[in-house]
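Peer 1: Using my numbering, read the sequence shown as starting at 122 and increasing by one per residue.
Just so it is clear, CB atoms sit at the ideal spot from N, CA and C, and this is done for glycine as well.
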Amino acid sequence: MPKTQINLDGWQDYRGTQTGALLYVETSHQSAVPVRDQLNENGKGFFYEPNYETSTYDFVSCYNVKNINTIVKNKNRYILFGTRYEGASVPELKNKYLITGYMRIDKIKDVRSRHLEKFMSSPGADVPECMNIEKCWAIWGLMRFTSLEDSFMITDELLKEWGYKGRASRQLKTVFNKEHLEIILAHLDSKPDMIDEYIATVDEYKEVLLAEEE
122 MPKTQINLDG WQDYRGTQTG ALLYVETSHQ SAVPVRDQLN ENGKGFFYEP NYETSTYDFV
182 SCYNVKNINT IVKNKNRYIL FGTRYEGASV PELKNKYLIT GYMRIDKIKD VRSRHLEKFM
242 SSPGADVPEC MNIEKCWAIW GLMRFTSLED SFMITDELLK EWGYKGRASR QLKTVFNKEH
302 LEIILAHLDS KPDMIDEYIA TVDEYKEVLL AEEE
């Protein structure tokens, strides 16, 4: 369950095909569960997406807009969140490519004006990615995440066996068809849902960032 229930007035119902688009997430090296890199441990930014707390992506912040817009345009129903694990708590998984969770897109909303208004009212804020883009789709829906050990591993061999091009890397932008999506979802659904642990972890990280600002 999301921690924060957002107002869904003005959101459109979403009807997608039974396909799953892979989306890469920079994840924390420190935490027991592979949450988004909110502390900039990877040196690539302070991330607030996927936003487990509100069960959204691109609503709280403006990030990865082109990829999300493409997913909406192509009517993919699911997003599969992948990462290359670089932590130390589970050595046997280090440098492995893991799908740690998924999101089923149930509603969408163009939030470009929201992000631009936020930028205009916050001196010194970073320019939003959607500044020069016509639309910025935010998505809302069911999220489910697992522990590291329960993640679904993607390997070069599996991609080849399933008939997909590319290698298991940050640049992989595979869209899984219905058959393979259902295999991945069945695996993730068979494991304990760790979404509450994800939310608790990022809340702790927010407190750290707030303390540093003060």
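Starting from W283 and walking both ways along the alpha helix (DSSP H), at which residues does that stretch end?
Peer 2: 277-283
Peer 1: Quick one: give me the first and last residue of the alpha helix (DSSP H) that R233 is part of.
Peer 2: 233-241
Peer 1: Would Q292 be called buried (16 or more neighbouring beta carbons within 10 Å of its own) or exposed?
Peer 2: exposed
Peer 1: Can we say the stretch 141-151 touches the stretch 208-227, given the rule of at least three CB pairs closer than 8 Å?
Peer 2: yes
Peer 1: Restricting to Cα atoms, I'd like to know which of K299, Y218, F266 is closest to K196.
Peer 2: K196 has its Cα closest to that of K299, out of K299, Y218, F266.
Peer 1: Taking the alpha carbon of K294 as the reference point, which residue from A153, I316, Y218 has its own alpha carbon closest?
Peer 2: Closest option to K294, judged by alpha-carbon separation, among A153, I316, Y218: Y218.
Peer 1: How many angstroms separate the CA atom of L302 from the CA atom of Y199?
Peer 2: 9 Å
Peer 1: Take M224 and list the residues in its own chain whose beta-carbon comes closer than 6 Å to its own, dropping the five residues that flank it on each side.
Peer 2: I200, G262, M264
Peer 1: Grab the span of the alpha helix (DSSP H) containing L143 for me, first residue to last.
Peer 2: No alpha helix (DSSP H) contains L143, which is instead part of the beta strand (DSSP E) from 138-145.
Peer 1: Quick one: residues in its chain with C-beta nearer than 6 Å to the C-beta of N190, no 5 flanking neighbours on either side, listed in chain order?
Peer 2: Cβ neighbours of N190 within its own chain (closer than 6 Å, five residues either side excluded): W258.
Peer 1: Label T177 either buried or exposed according to how many other C-beta atoms from any shown protein chain fall within 10 Å of its C-beta, with 16 as the threshold for buried.
Peer 2: buried
Peer 1: Are the beta-carbon atoms belonging to L269 and P155 less than 9 Å from one another?
Peer 2: yes
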